[in-house]
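Be aware that the sequence shown starts at 975, since it is given in my numbering, and climbs by one per residue. Using N, Cα and C, we set each Cβ at its ideal position, and we do this for glycine too. The structure displayed is predicted, hence computed values, not measured ones. Since the structure comes first, as C-alpha cells, the remarks are kept for the end.
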Amino acid sequence: MKLNVTVTGKRLALLPVIAVVGALAVSLSGLVSIAANTGHFGVVKWFLGWTMQNAVRTQSLGISVPEGVELSDPNLVQRAAGQFATGCASCHGAPGVLQSPVVLSMTPAPPRLEQQIPEWRDRELFWIVQHGIKYSGMPAWTTQDRPDEVWAMVAFLRALPEITAEEYRKLALGEAEGEGEGAGGTAHTDVQRGRPAESGEEPSGLSTAGMSDDVADALTNCARCHGFDGRGVGGGETAEAFPNITGQRQAYLFETLKAFASGRRESGIMTPAAGVYSEEILADLARYYAQLPPAGEGGESGGAEITPPVGVALGEEGAGRMPRHSIEGEAAASRGEPTGYAALVDPAAASGPPYAATGLAELGRRIATQGLPERKLPACESCHGATEREKNQNYPYIAGQPEWFLATQLQLFKEGERLGTPFAHLMEPIAINLTEEQIDALALYYSLQPPGR
C-alpha cells in the first residue's frame, strides 16, 4: 500500500500551526512532569546549562573590572562576606557550612561555588550576581544601580575557593578566632542579651540590658558587618570595608534604616538586611548604635597620613571606579605638587591641578569649609558641622568615613538616586554641580578627619 503525499506551499504553511497546536495540547493535558524530584533528562539538563552559559558569556561582553580596582583587595572581600553569609550560603553552602537537604532537592540544585567559581570570568560572575538566572532560584541583586556592591561580591567569590572554614567565620560571621558559635568578634552571644560573657567584658558605652531576643538576634546580624562597636568588622588592611555608624544621631539612623528597608535608599546589601525587621526593631537598633562614641573607646581618631585608595566607588553613569581616580589612583599618594604655571591654576577648576593627593585633600578642605559659590556649592560644614547637626539630628556626621563610601554617596546624590531621611533631597541640587574631581576631593578630605568631628 502506497501513500502519495503531495507537498504544497499551503501544507508547508500548516506545519508551524500544527506544531503550536500540538504543543498547546500537550501542555493543556497536564501530563508534562514539572516535579522537582524527577529532575531533568540528561539531554535537557545539558541543553539548559549550555544555553545559560552562552547567554551569560554573550550578555556580559560589555562588562569589565573597573580601572585600577583589584578584586584581591581585602576590603572588597570583607565588604561582601556578611552578605554572602545571609543571602547566598543558605543555598550554596560555604566553607565549613553544608548545603541543606531541602536545598539539594531543588531542580536545578544550587551548586557549591568553591568548584564553580574558577570556571567563570570576572565579567560573567558580575552579570550572574547582578541579574540572577531565571527558572533556577538564583535571584537578581535587589537593586540594579549599585555596581560597586556587585564588584565587592565578585571579589569575595574570587577569594572563596581559598577561604578556610575558620577564615570564613571571621570574615562573614564576625567571629573572633576560636569562638566557634558566637556571632560577633567583640564578645560572645550572652553580651547581646545584657549578660557579660565570661570570656569578655561588655565594651565601653554599650547598653544591651533589657534587650529582647528578637532585637539581640537582629543586632547579631548587624554585627556581622558593622561589629558590635559599630566601627565595622576587620582591621588593618580591612579597616575601611564599612562605614562608621557609631555615634550617629538616633533619628538619622532610624530614618536611614527605614529607607533601606523600603528600598527608597538603594542597596543590595542593606535592603535585604533591614527589610526583614519591624520598625520597632529598627528603632532599637538605631538606639543601640547611636549611644556608641564615634571615635571608639580610647578616643581614637582619623589619621592625617594619605595612603593609597582602597575599595570601589561609584562613578559616572553607574560605573564602578577606584577612589581618587581623577589623580591616577594608587600613584596619586606619592606624586609631588605641581610647580611653575601649573601651580597657578585655581584648584577649583574642572581640569588642571590638583595632580597629587595632598592637593586634592586641600581642594576638599576648601569646599567643605568655604564652599565654591561660583559653582553653586555651599560649604559642607554648614549642614554637617557639629553645630548644625545639633540643630537638625537628621544630618549625619561624615568626617572619618571611608573614602570609597563618601565618593559613592556623593555620586548617587549627583545622579538623583540617593534617598534616605526626609532631608536627603537637599543634597541633590548641590551634588549635581560637583565634578568627579571635586567628589574625590571631598571624599579624601573627610576620610582624613577624626570620626564624628
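In the structure shown, the three-state DSSP call for Arg1363 is helix. Within the same chain, Cβ atoms closer than 7 Å to the Cβ of Asn1195 are found at Thr1060 and Ala1247, the five residues on either side in sequence being excluded.
For the stretch 1215 to 1293, the continuous alpha helix (DSSP H) assignments of 4+ residues that do not extend past its boundaries occur at 1224 to 1236, 1244 to 1248 and 1253 to 1264, in sequence order. Between the alpha carbons of Glu1336 and Ala1293 lies a distance of about 26 Å. In this structure Met1127 is in contact with Ala1054, their Cβ atoms being roughly 4 Å apart against a cut-off of 8 Å. One alpha carbon belongs to Gly1289, the other to Pro1396, and they sit about 25 Å apart. Under the three-state reduction of DSSP output, Leu998 falls in the helix class.
For Arg1295, the secondary structure class from DSSP, reduced to helix, strand or coil, is strand. Shortest Cα-Cα distance from Gly1285 to any of Glu1411, Ile1037, Leu1408 and Ala1381 involves Ala1381. In the three-state reduction of the DSSP assignment, Ala1068 falls in the strand class, which pools E and B. In the DSSP assignment, Tyr1142 falls within the alpha helix (DSSP H) that extends over Ala1139 to Ala1146. Phe1234 and Ala997 have their alpha carbons spaced roughly 45 Å apart. Per the C-alpha coordinates, the member of Ile1413, Leu1145 and Arg1239 positioned closest to Glu1391 is Arg1239. In this structure, Ile1091 and Leu1134 form a Cβ contact; the two beta carbons are roughly 6 Å apart against a cut-off of 8 Å. Taking each of Pro1085, Asn1049, Tyr1142 and Ser1079 in turn and checking the Cα distance to His1066, the smallest one comes out for Pro1085. In this structure Gln1104 touches Trp1115 by the C-beta definition: roughly 5 Å separates them, less than 8 Å. In the three-state reduction of the DSSP assignment, Met1080 falls in the coil class. Here Asn1407 is not near Arg1340, since their CB atoms are 9 Å or more apart. Here DSSP, grouped into helix, strand and coil, assigns Leu1351 to strand. Rounded to the nearest angstrom, the Cβ distance from Leu1418 to Arg1298 is 6 Å, consistent with a contact under 8 Å.
Per DSSP, reduced to three states, the secondary structure at Leu1346 is strand.
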